[in-house]
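Let me begin by presenting the structure, written as structure tokens, before commenting on it.
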Ligand code: NAD
């Protein structure tokens, strides 16, 4: 599918980082973009700059997804591309020790559940609802292609570090659903691909001290630096344009393999 066949797209997490870069890249190519994010201030600002639409959506709240879809589709028509970038990256060990008392504390279930709700269930809810819309569109490629879904997992799905149990589990779930969902949607001409980014320079890294950042960069074999959000967006565009890519997960990481910590 060519980018110019994508009348409309939805980017979750489009207010910041990888999603923002993707929203900008798509808009540059003439695609009408709806940003679904819970950050209204940044979301409105980005949507305004790219001539898109902002929808205040929390991907863990079905009613807000439905309302967002109604607004986006009224403005742009049914989307042919969904890019799932909304996500959080919590860190906590399975068992930790309190600094002051030395007391051993178990990872709380609530924060584990929250990570899975946002990163995994939110991703799936968006896929199912968008795919139901895309399935009713006319095909636009010679093979009968109607739409594309791009998800964002993480290299942590494969080499999760210490403190990443919840994050890695949520992203591992996204990797796990990629093939069966691609199979589910194959009869409708909708492709599904998941990107596993390594370390990317987004606001998620803003608070990382310079020294630690340098150490992280040194751990990336080549190129030894953080990835640029535009490089993620370029892969989204390449996935859209390559009709043979489907049911696959792609690491985008400069050959990084994360160590335990
Ligand atoms: P970011 O924090 O810059 O952007 C994430 C966006 O998601 C924010 O705008 C935030 O408001 C939104 N969001 C969070 N929870 C939401 C919810 N419940 N509903 C709607 N919107 C919500 O982060 P980023 O670095 O651009 O990360 C984007 C995705 O890529 C995430 O899923 C992250 O796990 C993944 N990822 C990032 C990196 C990296 O190095 N930056 C590496 C691997 C994977």
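Numbering (our numbering), first residue to last: 428 to 688. In this text, a Cβ means the ideal position worked out from N, Cα and C, and glycines have one as well. This one's a predicted model, so the numbers in the text were calculated from it and none came from an experiment.
Compute the distance between the beta-carbons of residue i and residue j, then report whether it is under 8 Å.
i	j	result
residue 676	residue 553	no
residue 691	residue 445	This structure cannot speak to residue 691, because the chain is shown only from 428 to 688.
residue 490	residue 458	no
residue 573	residue 562	yes
residue 522	residue 531	yes
residue 404	residue 441	Residue 404 falls outside the range modelled here, since the chain spans only 428 to 688, and no answer is possible.
residue 576	residue 559	no
residue 485	residue 500	no
residue 582	residue 685	yes
residue 635	residue 683	no
residue 655	residue 637	no
residue 477	residue 505	no
Can you tell which of the options has the C-alpha that lies nearest to the C-alpha of residue i?
i	options	result
residue 497	606, 655 and 463	463
residue 618	474, 670 and 520	670
residue 586	492, 474, 467 and 678	678
residue 513	499, 530, 547 and 472	547
residue 502	484, 510, 480 and 494	480
residue 658	636, 673, 626 and 633	626
residue 607	621, 668 and 596	621
residue 535	630, 520 and 571	520
residue 431	493, 637, 605 and 664	664
residue 584	570, 569, 604 and 495	604
residue 594	488, 516, 668 and 571	516
residue 509	526, 579, 533 and 565	579
residue 653	672, 668, 666 and 633	633
residue 493	640, 476, 661 and 549	549
residue 570	526, 476, 615 and 538	615
residue 487	674, 541, 609 and 641	541
residue 610	461, 672, 642 and 591	672
If you run the structure through DSSP and keep just helix, strand and coil, what is residue i?
i	result
residue 649	coil
residue 682	coil
residue 574	strand
residue 675	strand
residue 533	strand
residue 430	helix
residue 662	helix
residue 562	coil
residue 526	coil
residue 655	coil
residue 498	helix
residue 520	coil
residue 569	coil
residue 579	strand
residue 667	helix
residue 483	strand
Since residue i is in the beta strand (DSSP E), which residue starts that stretch and which ends it?
i	result
residue 464	459-464
residue 477	Careful: residue 477 lies outside any beta strand (DSSP E), inside the alpha helix (DSSP H) at 467-477.
residue 438	435-439
residue 513	From DSSP, residue 513 is part of no beta strand (DSSP E); its letter is neither H nor E.
residue 621	617-624
What are the boundary residues of the alpha helix (DSSP H) that residue i is part of?
i	result
residue 507	From DSSP, residue 507 is part of no alpha helix (DSSP H); its letter is neither H nor E.
residue 597	592-612
residue 453	444-455
residue 583	583-586
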